[in-house]
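S.K.:
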Amino acid sequence: MDASADKMNDLVGLGLAIARGFTEAMNGTLTPTDTPGGGLTMTLTLPTTP
412 MDASADKMND LVGLGLAIAR GFTEAMNGTL TPTDTPGGGL TMTLTLPTTP
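FYI, the numbering for the sequence shown is 412 to 461, going by the numbering used here.
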C-alpha cells in the first residue's frame, strides 16, 4: 500500500463510506491528496463507456 491508501484507511465518516461504496460500485477510484496547511482533497475518477 502507498501513503495515499494509508490516508484513505485512516479517514472516517458516513459521507466517505457512502462515496467510497458508490465509487467502488462504478469501478472508479477515490484518491486523497494532502495539502500541508490546506486540508485534504478527494479526487473521484470514474471510467467512461463509449
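For every residue, glycine included, the Cβ atom is placed at its ideal position computed from N, Cα and C.
Going by DSSP, which residues form a beta bridge with P443?
M.R.: P443 is bridged to M453.
S.K.: Can you tell me where the alpha helix (DSSP H) holding G432 begins and where it ends?
M.R.: From DSSP, the alpha helix (DSSP H) with G432 extends over L425 to A436.
S.K.: Does the Cβ of L425 have 16 or more other Cβ atoms within 10 Å, making it buried, or fewer, making it exposed?
M.R.: It is exposed - the Cβ of L425 has fewer than 16 other Cβ atoms within 10 Å.
S.K.: My guess is that G439 and P458 are in contact by the Cβ rule of under 8 Å, so how many angstroms apart are they, rounded?
M.R.: So it is a contact: roughly 7 Å between Cβ atoms.
S.K.: What is the rounded straight-line gap between the Cα of T460 and the Cα of T434?
M.R.: Roughly 15 Å between the two C-alpha positions.
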